Amino acid sequence: MNPKFGLYLTYAIYLFTIISLLIVSLYPRFAVAEAVPYVEPAKSYQEEKTIETEIDRLSLLYGVSSSTVRAVAKCESSMYGSAINRNKLPDGTVWSSDFGPLQINDYFHKKTMDSLGLNIYNEFDSLEYGIRMMSQQGLAPWSASRGCWNKLI
Numbered sequence: 784m785n786p787k788f789g790l791y792l793t794y795a796i797y798l799f800t801i802i803s804l805l806i807v808s809l810y811p812r813f814a815v816a817e818a819v820p821y822v823e824p825a826k827s828y829q830e831e832k833t834i835e836t837e838i839d840r841l842s843l844l845y846g847v848s849s850s851t852v853r854a855v856a857k858c859e860s861s862m863y864g865s866a867i868n869r870n871k872l873p874d875g876t877v878w879s880s881d882f883g884p885l886q887i888n889d890y891f892h893k894k895t896m897d898s899l900g901l902n903i904y905n906e907f908d909s910l911e912y913g914i915r916m917m918s919q920q921g922l923a924p925w926s927a928s929r930g931c932w933n934k935l936i
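Our numbering numbers the first residue of the sequence shown as 784 and each following residue consecutively.
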């Protein structure tokens with residue numbers, strides 16, 4: 784490499800540094816980024832998790848008609864997420880309970896839900912399990928309320 788090239792390069796770097804410092808002193812806004820405070824998005828942009836929004840999301844996820852899920856949920860629980868129905872023997876002993884908007888039975892489904900990491904007592908987990916079951920088995924698990932939801936579909 785030519786020794787004069789190294790000398791010219793050094794001068795060029797010095798010149799660039801001097802020009803940069805001059806620009807920064809004359810126009811500080813080019814050199815310093817302005818701090819802008821973080822502002823939370825307006826509440827209207829943050830969708831709240833509701834039974835309605837979860838039906839839409841999960842129906843899309845599992846490929847089930849959201850209107851069908853709504854019809855069954857209206858008949859099973861009046862769309863009430865925390866609905867609980869106790870199933871009793873003739874002597875009054877409770878042998879099982881149904882939970883959530885799609886009334887998932889703990890006797891038949893709790894172990895499977897636990898293995899999937901879903902909590903049967905949580906209305907959103909119960910809804911997810913029901914929609915998942917609907918995608919695999921259709922409406923057969925809700926045949927007892929067919930007379931109601933068949934009119935709504």
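The C-beta atom is built at its ideal place from N, Cα and C for all residues, glycine as well.
Remember, it's a predicted structure, so these values are computed and weren't measured experimentally.
Discussion item. Using only the alpha-carbon positions, how far apart do P884 and S850 sit?
Written reply: To locate residue 884, count along the sequence shown from 1; it is residue 101. To locate residue 850, count along the sequence shown from 1; it is residue 67. Distance between the alpha carbons of P884 and S850 is about 14 Å.
Worksheet item: Can you tell which of C858, Y845, G864 has the C-alpha that lies nearest to the C-alpha of E835?
Response: Position 52 of the sequence shown, counted from the first residue, corresponds to residue 835. Ranking C858, Y845, G864 by Cα distance to E835 puts G864 first.
Item to complete: Kindly indicate which three-state DSSP category R915 falls into: helix, strand or coil?
Response: Looking up residue 915 in the sequence shown gives position 132. Three-state DSSP puts R915 in a helix.
Worksheet item: Within 10 angstroms of its Cβ, does A854 collect 16 or more other Cβ (buried), or is it exposed?
Response: As a position in the sequence shown, residue 854 is number 71, starting the count at 1. By the neighbour-count rule (16 or more Cβ atoms within 10 Å), A854 is buried.
Worksheet item: Name the DSSP beta bridge partners of K871, please?
Response: Along the sequence shown, read from residue 1 onward, the residue named residue 871 stands at position 88. The partner list for K871 (beta bridge, DSSP) reads V877.
Worksheet item: When the Cα atoms are used, what is the spatial distance from K871 to S860?
Response: One-based indexing of the sequence shown puts residue 871 at position 88. One-based indexing of the sequence shown puts residue 860 at position 77. Going from the Cα of K871 to the Cα of S860 covers about 18 Å.
Worksheet item: Cα separation between L804 and Y797?
Response: By 1-based counting over the sequence shown, the position of residue 804 is 21. By 1-based counting over the sequence shown, the position of residue 797 is 14. Between L804 and Y797, the C-alpha separation is close to 11 Å.
Worksheet item: According to DSSP, what are the bridge partners of N888?
Response: Within the sequence shown, residue 888 is the residue found at index 105, counting from 1. Its beta-bridge partners are D881.
Practice prompt. Check whether the Cβ atoms of I914 and Y845 sit closer than 8 Å, and answer yes or no.
Written response: Within the sequence shown, the letter at position 131 stands for residue 914. Within the sequence shown, the letter at position 62 stands for residue 845. Cβ atoms of I914 and Y845: closer than 8 Å.
Worksheet entry | Straight-line gap, D881 to A866 (C-alpha atoms, nearest Å) | One-based indexing of the sequence shown puts residue 881 at position 98. One-based indexing of the sequence shown puts residue 866 at position 83. The alpha-carbon atoms of D881 and A866 are separated by roughly 8 Å.
Worksheet item: Taking the C-alpha atoms as reference points, what is the distance between F891 and Q919?
Response: Along the sequence shown, read from residue 1 onward, the residue named residue 891 stands at position 108. Along the sequence shown, read from residue 1 onward, the residue named residue 919 stands at position 136. C-alpha separation (whole angstroms): 16 Å.
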